[in-house]
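Residue numbers (our numbering): 4 to 343.
One structure below.
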Ligand code: 13P
């Protein structure tokens, strides 16, 4: 594989493929395992992820890259093969979550700023040695009646830009993820409010990336779609989500960026697929639009697996199905009847 940032970024958004976000932190994977009553041990986490990475056909056909948590980057499969080698053998690029999580932003009540810049340069050099060729840093922006604040938007965009510049210096493609959360109780969290806040966050983000000297051709953007809050009384149609998301991205994302890979953020599996499909089917786009889903790619597999060896095949089949559906959606060729 070529080592140029631009080529790695293009490979990450290859036609009909997308990214598997398997980088749940130890706390988050515990929550996922709790939902199937499986204890989160190092071996169980390894077994689960090995099961996904060994879903051969799905990995080869539909997955361009895998985001790993630090623990997984250094882990070996049960037979001793490094998990990174399984990913590379499937033709996918290994990636690494490098942020240290979202912490309370001083001076605000509920807002967060993502930490992890201190010592990042030397950590990146180590991750490169271990085989990572792209990285992820996620910022979270919360919509309430009084938030987000400019302080939160600006602090997160600045940190993301510094992270992205450090990644590129290390030969690693940064995934830039400023996530406007869809969860929350607030009645003011309409689809139009999501549009407004996402536009604000993305405009700020690209100004910061410019100031930091980030090469736009050597990065991938990972945004939320434009959707109403989960508990908003007025929900949106698939066509409306597609239209508003495309409009917002066209207003904010330079066409030099090779690709945009969405997070699923709590959307149902089918919604996440249908929305991506509608954008690719109906619009002329200057960048590749694909998926970088965690929950919407893994939920069915996780529930089929239940932590049991005898369920591995069924879980791989469930993962393969979602990967295939989303691969089709990435080219606008999915339809609902393919789900059955
Ligand atoms: P979800 O698709 O579950 O939102 O996760 C993607 C991700 O990597 C969030 O950082």
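For each residue, glycine too, the CB sits at the ideal point set by N, CA and C.
Bear in mind that the values here come from a model prediction, so they are computed numbers and not experimental data.
query = Residues near ligand 1, CB to any non-hydrogen atom under 5 angstroms, in chain order?
reply = Per the CB criterion, closer than 5 angstroms to any heavy atom of ligand 1, the qualifying residues run in chain order as 24, 141, 266, 267, 268, 296, 297, 298.
message = Do residue 12 and residue 220 have their beta-carbon atoms positioned less than 8 angstroms apart in this structure?
response = Residue numbering aside, residue 220 sits at position 217 when the chain shown is read from its first letter. Residue numbering aside, residue 12 sits at position 9 when the chain shown is read from its first letter. Yes; because the gap between Cβ atoms is below 8 angstroms, this pair is in contact.
key: Length of the line joining the Cα atoms of residue 125 and residue 29   = Your numbering for residue 125 matches position 122 in the chain shown. Your numbering for residue 29 matches position 26 in the chain shown. Spanning the two alpha carbons is a distance of roughly 22 angstroms.
query = Nearest-angstrom Cα distance between residue 179 and residue 316?
reply = To locate residue 179, count along the chain shown from 1; it is residue 176. To locate residue 316, count along the chain shown from 1; it is residue 313. Taking the straight line from one Cα to the other gives about 34 angstroms.
ask   = Which residue or residues does DSSP assign as beta-bridge partners of residue 182?
value = What you label residue 182 is simply residue 179 of the chain shown in a count that begins at 1. Bridge partners of residue 182: 143.
inquiry  = Taking 8 angstroms as the cut-off, does the segment 173-188 touch the segment 208-225 (at least 3 CB pairs, one atom from each stretch)?
reply    = At 8 angstroms Cβ cutoff, the stretches touch.
ask   = Is it the case that the Cβ atoms of residue 300 and residue 333 are separated by a distance below 8 angstroms?
value = For this step, residue 300 is matched to residue 297 along the chain shown. For this step, residue 333 is matched to residue 330 along the chain shown. Not a contact, by the Cβ cut-off of 8 angstroms.
query = If you draw a straight line from the alpha carbon of residue 107 to that of residue 252, how long is it in whole angstroms?
reply = Taking the first residue of the chain shown as 1, we reach residue 107 at position 104. Taking the first residue of the chain shown as 1, we reach residue 252 at position 249. The alpha-carbon atoms of residue 107 and residue 252 are separated by roughly 28 angstroms.
inquiry  = Taking 8 angstroms as the threshold (C-beta atoms), are residue 302 and residue 318 in contact?
reply    = Position 315 of the chain shown, counted from the first residue, corresponds to residue 318. Position 299 of the chain shown, counted from the first residue, corresponds to residue 302. No, these two residues do not count as a Cβ contact at 8 angstroms.
ask   = Using a Cβ-Cβ cut-off of 6 angstroms (strictly less than) and excluding sequence neighbours within five positions of residue 298, which residues of its own chain qualify?
value = Looking up residue 298 in the chain shown gives position 295. Once the five neighbours on either side are set aside, the close Cβ partners of residue 298 are 267.
query = Residues bridged to residue 25 by DSSP?
reply = For the purposes of this step, residue 25 is identified with residue 22 of the chain shown, where counting begins at 1. 71, per the DSSP bridge assignment.
query = Are the CB atoms of residue 41 and residue 47 nearer to each other than 8 angstroms?
reply = Taking the chain shown and counting its residues from 1, one reaches residue 41 at position 38. Taking the chain shown and counting its residues from 1, one reaches residue 47 at position 44. The answer is yes: Cβ separation under 8 angstroms.
ask   = For residue 32, does the three-state DSSP call read helix, strand or coil?
value = For the purposes of this step, residue 32 is identified with residue 29 of the chain shown, where counting begins at 1. Note: residue 32 maps to helix in three-state DSSP.
query = When burial is assigned at 16 or more other CB atoms within 10 Å of the CB, is residue 191 buried or exposed?
reply = On the chain shown, residue 191 is found 188 positions in, with the first residue counted as 1. Residue environment: residue 191 is assigned as exposed (fewer than 16 neighbouring CB atoms within 10 Å of its CB, all protein chains considered).
inquiry  = With the cut-off set at 8 angstroms, would you say residue 21 and residue 293 are in Cβ contact?
reply    = Within the chain shown, numbered from 1, the residue matching residue 21 stands at position 18. Within the chain shown, numbered from 1, the residue matching residue 293 stands at position 290. Cβ atoms of residue 21 and residue 293: closer than 8 angstroms.
query = If we count the other Cβ atoms within 10 Å of its Cβ and call it buried at 16 or more, is residue 232 buried or exposed?
reply = As a position in the chain shown, residue 232 is number 229, starting the count at 1. Buried: at least 16 other Cβ atoms inside 10 Å.
key: residue 9 versus residue 306 - alpha carbon distance   = As a working note, residue 9 is residue 6 in the chain shown. As a working note, residue 306 is residue 303 in the chain shown. Cα-Cα distance, rounded: 37 angstroms.
task = Check each candidate in 310, 277, 342 and name the one with the smallest Cα separation from residue 55.
result = On the chain shown, residue 55 is found 52 positions in, with the first residue counted as 1. Considering only alpha carbons, the answer is 310.
query = Taking the alpha carbon of residue 250 as the point to measure from, which residue in 45, 202, 142 has its own alpha carbon closest?
reply = As a first step, residue 250 is located in the chain shown; it is residue number 247 there, counting from the start. Out of 45, 202, 142, 202 has the C-alpha closest to the C-alpha of residue 250.
query = So residue 154 and residue 111 are in contact, right, with Cβ under 8 angstroms, and what is the actual spacing, rounded?
reply = Here the question's residue 154 lines up with position 151 in the chain shown. Here the question's residue 111 lines up with position 108 in the chain shown. Going by Cβ atoms, the distance from residue 154 to residue 111 rounds to 7 angstroms, so yes, they are a contact pair.
key: Inter-residue spacing [alpha-carbon to alpha-carbon] between residue 14 and residue 238   = The residue given as residue 14 occupies position 11 in the chain shown. The residue given as residue 238 occupies position 235 in the chain shown. Separation of residue 14 and residue 238 (C-alpha to C-alpha, rounded to the nearest whole angstrom) is 35 angstroms.
ask   = What span of residues does the beta strand (DSSP E) with residue 115 cover, start to end?
value = Taking the first residue of the chain shown as position 1, residue 115 is located at position 112. Where residue 115 is concerned, the enclosing beta strand (DSSP E) starts and stops at 115-117.
request  = Leaving aside the five residues before and after residue 189 along the sequence, list all residues of the same chain whose C-beta is less than 7 angstroms from its C-beta, in chain order.
outcome  = Counted from its first residue, the chain shown places residue 189 at position 186. Correct list, in chain order: 146, 147, 148, 232.
key: Cβ neighbour criterion (16 or more within 10 Å) applied to residue 227   = In the chain shown, residue 227 corresponds to position 224, counting from 1. By the neighbour-count rule (16 or more Cβ atoms within 10 Å), residue 227 is buried.
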